[in-house]
Structure formats: structure tokens, C-alpha cells
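Protein chains in written order, with this note's numbering: chain A, 493 to 827; chain B, 493 to 827. Quick notes on the structure that follows.
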DNA sequence: CTTTTTTACTTAAACGTTTTAGATTCCAAA
DNA sequence: TTTGGAATCTAAAACGTTTAAGTAAAAAAG
């Protein structure tokens, strides 16, 4: 494939390279007549300016680096994949490329592309270490953080309001007559844990209840550990009537356990999750949960990053979410 | 952030830029002594060479363009996401970036980056139009195709062997005593349809059977159309004992229909799928299917593309797959 | 002790754009 | 006719690398 350059286009059109550059970038300083003439040749040859030289001279990469800490369970991946779809959707609209990367070295180094002028902005996805954000600040490259529960002050982040979500979920259980509510939470990310715990206890308090300490110290980190946590919870003498799980994947593991113990859901015990992952509407019974618009999270992340790149001040956003009522919660009031 | 260049490094070290470039790229032509001296300054300053200028002079982008025709159902997306994980995994190992893109214009134009020197290779994912491959050939950029059933001669493609998969699935049903087997297939991609149909009829023939024409003309394009197809199939007077679905998502839709009709799975009717998507092990009953290693598909796609970029000849590969026996097929022999 | 070869190093061109600063043309106003 | 100022156009520098070609010094060969 013969490579055409601006110089050759210029020669063909009988003008200078500057003129060609002007028509390429829709800049003034060239008559309508020559603009047409040059454009015609560009169209005929199918000429596309070399991006690498453009990037070099403009000191711009048209590239966004999406840093994913680590791929883990397929569940989480799916969650992040939906966010990614939002990001991609938006980036294509604004003619930015997305390069998917991850921390290098001992997990707290930014990828080289950040330092080598190949990145106009960074999106951190998932919880990330403070070291990483510090380095991002030092690099001077604009960045936003999406779905990292550790809301570090001074850093623009896009997060779902898990506190409100837990509150809404708890309230829904209470409104359905549940009083003995257990919570399977995650302690791996302290900030996330305190948020969800707060939402839970607040809702309980509003109904004049104090959470049963036997019920909410339960910690899990994935579907399988949630299974184990549920085992302890459900085989105790006085078992809760409902189990609130901090994320859907926990609920899926916990429900599997309940079934294995011969319990009927929601008749014997109710379950709620948070996130509304794709799976939740396919398991049986379908999971009642609090849904978060993941694609929207991605869209917002990209939009605010673009603002940041333009040098504008940006605020963090806490995305609202909505209750998704399906079949895993029993109404204890209307028997 | 102060930007350091080779020139400055050279000045600090008291050598020429060439010398610096040599140590950066581990090239001979510089004494061990000065190499150490320069390296020390590079380390101290944390200097990273500007990638854009490097790309320009080397006429190389270290960038792979992953073209996804269109995002469609969450199912399919998940399937392709797994392939993408394989691709990412491999690309990071070889220091290539992956840019996710899609056809532009009327869906049969390659993205600009292909023409503007910003792509060292292309991976096409999903079925793609002939126009697109023709343009890719014309562009001179190396490319491979992954999971496109239309195996165009002369184009290196990475595909799962759906014919063999259908054959294996059919054989499994036959071995479990099923004789009245229906097939819900997809006719949207003719090549895919002929492959799966061939695998099906071959297996039937091996058992001295000819497929019941009432049973296999059924076409679907997604979970919902599969539901409709199943409705026709299962409410007919003489309904099949087993339904073979060309992809798992069809099976999921069809099973939903069976349940709605009050049929018990697998007692009243058995189901099989192909692909083994994540969902298949979470629905009830768990779907018996033929599994395909999607991550491996991605890995292979990236590996062969890298070969192609190096100028080597590459062969297409047909990936084998294996039976995943779960709970959706009844054994009619041992009652 | 000269000649050749090797080694270590440097100068400068090249990659393909954008853009600054300057040159030329054109035309209206003086 | 001159003058001045848009309007149009161009030459050349700049972006930060790599590398071909060349030089100088040191080592090997004669």
C-alpha cells in the first residue's frame, strides 16, 4: 500500500503543505477555490493524515488509558464490562481511543504509556491503591476514578451510592415485615463496608430496630465465601427471615447454600442483593436487588474525564439507583 | 510535569543523543562504561522516551485494532468479552496496546486509525462482511478473524468447530436414547447454519436416522425468538424428546418456554446448547452443552496476528471443544 | 612503524505533521 | 498613482525519536 503524505497531496494540488494542512483541519487562511481543489485530491486519493506525526507535533495522543486493577471473577468482570461499554460508547463519539491496561510491576506502578505521552487521560476502574492515585497526580495526566469505594478527597470519582442502596434494600425488607435481617457484607474494602453498614443500620434505626450483632458481622469476598457465610447463618438455631447481601454475587452464593440446606426461597428465607448483575434475573428465584446503571457510570466517567482534559473543574458524582423487585423476597405481612 | 527528552539526558550525561538511544534500545556501539553512566541518569530522572516520536520514526504503532461489529445482546457480549480477555492477556505480554473499535460509516468502512498509521494489525471479532475484509486486504495491514463462521478462503481465521460440536451434542442425545430430536438453529449466518446442520444430520445418519423435517427447520436469532420457536415445537401433537439448540442463549429461551408450558425439564423434554456461556451453569436445570474455550480463542487470535505482523505465513485454526454434561438431558435408556 | 580493522562515539537527516512568521497578491481608499 | 491592509499563500522550524554515514581513537595486523 503506497503511503501518501501531505507533501504529495500538496504537489498534486500545486499548493504548499500548509495549505493542505489548513483544509485538513478546517482552518481559515485558504480561499474557497483552492480548498475545493485540495479537498478533491484528498478524496480521490483517500488520503488520511498520519496520526503519529500529528500526535507528536500536537503533543496529544487522543488516547484514554483504562486501568483495570485485576480481572477476578466472571461476575465482577461482567460488572466492569458494562461500565466499559459506557466508556467505549462515549469515547467513540468524541474520537478518543480506549486502551485497556493494568498497573505494572508490583501493582502500584502506572503503565508506561502514561509517561510516554501516549495518554491524554486515565480512567481507573475498581478500587485502586493510594499509591496509584498519587503517581497519577504526580504525572500530571488528568484522571477520574470509577467504582472505587474509597472516595479520596480531591479526586473526582464516579460511584454508585451504595449507602443509599443498602438503605433502600433494608427498607424494602422491613416494609415486607422482616425484622430478623442478616447482612453478608464485604470487609475487603473498608470504605465499602462502612457505607453499606451505615445504610443498613440507619434503615433499621428508622424502624426502631437495632441490628442483631449475630447477624451482620458476616464477611464474604465472593460467591463461594458467601456460601460459607450463609451456611453458618442459616444453620443457626434462630435463623434470620431475610439475608441482605452487599452485592448480587454474594446473594447468588448464599441462595445456593440455602437450597443445599433444603430451604425454600423465599418461603423459608428471603434474599436481597445489590448491583443487579445480568445473572440475577436468570437464577431461580429471580433475585430482588437494587440496580445500578453500570453503562451510565461509564458514560459519566468518560464525560467528566473529557471535562478534566479540557482543564475544567469537575465534581465527583454519586449515582442513584433503583429497587428491582423480583421473586426472592417474601412478604410476611399479607399471608 | 517537566518533560524530559533524549536531548537533555544526553546533555546531562555528556554524550550524544545517539548514545542515549543506543542504551535505551540495548543496541551495541557504546562502551559498558558510558552505558552505565547514561542508564544511571535515565533511572534518576525516570525518563521515558516519547512514544509518539518513536512511532513516527519507526512507522510502527504498537497498537492492535480490535473491531467488533456490533454489541448486541448481553449474552453475546459476554461471549466476546471472554475472547477479549484472551486477547488482552496476550497483548500485554507482548507490549501491544489494544484499541477497541467498530466499523464506521455504513458499517463497512474500517476505522480511520487503520489508514493513519495507528494500527499494526487488526482483529475482527464476530461475523464480518466481505467488504470489510476486502478493505483490510487493500489496506495492507495484517489481520485475523476470530469467531466469524464465514471461513473465507485465504483469510486466517480462528474459529470454534461448530460442526464437530453439533455432531458431539447430537451423538450425546442419541446415546441417551433420544430419537425424536429437534434443532433450533440460526439462519442469519448461512455458513454457521450449514455447519451445524451438517454436524446434526451426520450424527443422525450414523445412527441410521434421518432428521424429522418438522423438527429442524426452526430458526431463531436470539433468546426471544428461540422462545417462540420452542413454543411451536413443544405444543405440536408429537413433540420431540430433545431439543438441540445451536447456541446456549437459544436453549435458555427455549427452556423458559418449556417451563411456561408446564413441562418439566429434563423429564418431559431435554435440552442441549452449544458454547457454554457463563449463564448456562446458573439456570435451572443447569444446561448440558458443548463448551468452547473462549479465552483460548482470543489467545490464539493474538498469537497468530503477531506471527502475521512479523511477516510469517499463518494457518487458520479450528478449535476443538468438549462436552459439558449437566442436568438438562434425560437418559431415556436406564429408566 | 605504518596500515588496516575494530570500537566508540557524533553529526545530521529522516519520519509526517502543524504552525509561526514572513512573502506575495489583490483591492479599496487616499 | 500611491498606500495600506486584508486575504491568501508559502518556507521553514518544530515535535522527539532512530539511524545512516562519518570521524576519531584504539587495537590488530602487516
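Don't be surprised by glycine CBs; every beta carbon is placed ideally from N, CA and C. Model, not experiment: these values are computed from the prediction.
Check                                                                                                                                                                                        : Outcome
Among the candidates B/624, B/544, B/781 and B/575, whose CA atom is the shortest distance from the CA of residue 642 of chain B?                                                            : B/624
Is the CB of residue 612 of chain A under 8 Å away from at least one CB in chain B?                                                                                                          : no
Measure the beta-carbon distance from residue 559 of chain B to residue 614 of chain B and round it to whole angstroms, keeping in mind my assumption that it falls under 8 Å.               : 6 Å
Roughly how many angstroms lie between the CA atoms of residue 773 of chain A and residue 546 of chain A, to the nearest whole one?                                                          : 48 Å
Should residue 510 of chain B go down as buried or exposed, given a rule of 16 or more other Cβ atoms within 10 Å for buried?                                                                : exposed
Should residue 665 of chain A and residue 676 of chain A be called a contact, given that it needs their Cβ atoms to be closer than 8 Å?                                                      : no
Where does the unbroken beta strand (DSSP E) through residue 544 of chain B begin, and where does it stop?                                                                                   : No beta strand (DSSP E) holds residue 544 of chain B; the alpha helix (DSSP H) holding it covers 543 to 550.
Give the residues of chain A in contact with residue 676 of chain B, contact being defined as C-beta atoms less than 8 Å apart.                                                              : What residue 676 of chain B touches in chain A: nothing, since even the nearest Cβ is about 19 Å away.
For residue 763 of chain A, tell me which candidate among A/718, A/805 and A/532 has the shortest Cα-Cα distance.                                                                            : A/718
Where does residue 656 of chain B sit, in a helix, a strand or coil, going by DSSP?                                                                                                          : helix
Going straight from the alpha carbon of residue 746 of chain B to that of residue 495 of chain A, what length do you get?                                                                    : 53 Å
Kindly indicate if chain A contains any beta-carbon less than 8 Å away from that of residue 609 of chain B.                                                                                  : yes
Classify residue 549 of chain B: buried if its beta carbon has 16 or more other beta carbons within 10 angstroms, exposed otherwise.                                                         : exposed
Answer yes or no: does any C-beta atom of chain A fall closer than 8 Å to that of residue 541 of chain B?                                                                                    : yes
With distances taken from CA atoms, which of A/770, A/826 and A/611 is nearest residue 569 of chain B?                                                                                       : A/770
In chain order, what residues of the stretch 766 to 789 of chain B put their CB closer than 7 Å to some CB of chain A?                                                                       : 770, 771, 774, 775 and 776
How would you write the range of the beta strand (DSSP E) that residue 616 of chain A sits in, first residue to last?                                                                        : 613 to 617
Under three-state DSSP, which class holds residue 624 of chain A?                                                                                                                            : helix
Assuming residue 783 of chain A contacts residue 814 of chain A under a Cβ cut-off of 8 Å, what Cβ separation, rounded to an integer in Å, is found between them?                            : 6 Å
Suppose contacts are defined by Cβ-Cβ distances below 8 Å. Is residue 800 of chain A in contact with residue 636 of chain A by that definition?                                              : yes
Using a Cβ-Cβ cut-off of less than 8 Å, give me the residues of the stretch 813 to 826 of chain A that come near chain B, in sequence order.                                                 : none
Residue 598 of chain B: which of B/735, B/506 and B/620 sits nearest, CA to CA?                                                                                                              : B/620
Write down every uninterrupted run of the alpha helix (DSSP H) in the stretch 717 to 789 of chain B whose length is 4 residues or greater and which is fully enclosed by it, in chain order. : 740 to 752
Would you mind reading off the limits of the alpha helix (DSSP H) that contains residue 642 of chain A?                                                                                      : Element bounds for residue 642 of chain A: n/a, residue is neither H nor E.
Under 7 Å Cβ to Cβ from residue 516 of chain A, same chain only, skipping five residues before and after it: list those, please.                                                             : 541
With residue 820 of chain A and residue 757 of chain A assumed to form a contact (beta carbons below 8 Å), what rounded beta-carbon distance in angstroms separates them?                    : 6 Å
Locate the beta strand (DSSP E) running through residue 809 of chain A, then write down its first and last residues.                                                                         : 809 to 811
Decide yes or no for the touch test of the stretch 598 to 611 of chain B against the stretch 525 to 543 of chain A: beta carbon pairs closer than 8 Å, at least 3 of them.                   : yes
For chain A, is any of its Cβ atoms less than 8 Å away from the one on residue 535 of chain B?                                                                                               : no
Assuming residue 689 of chain A is part of the beta strand (DSSP E), what are its boundary residues?                                                                                         : Careful: residue 689 of chain A lies outside any beta strand (DSSP E), inside the alpha helix (DSSP H) at 682 to 698.
Determine, using beta carbons only, whether residue 591 of chain A comes closer than 8 Å to chain B.                                                                                         : yes
By how many angstroms is the C-alpha of residue 574 of chain B removed from the C-alpha of residue 715 of chain B?                                                                           : 20 Å
Only counting the same chain, and skipping five residues up and downstream in sequence, which positions put a Cβ closer than 6 Å to that of residue 593 of chain B?                          : 557, 559 and 603
Using a Cβ-Cβ distance cut-off of 8 Å, determine whether residue 752 of chain B contacts chain A.                                                                                            : no
Smallest Cα separation from residue 555 of chain A: which of A/798, A/809 and A/790?                                                                                                         : A/798
Thinking just about the alpha-carbon of each residue, which of A/671, A/712, A/683 and A/682 is nearest to the one in residue 700 of chain A?                                                : A/671
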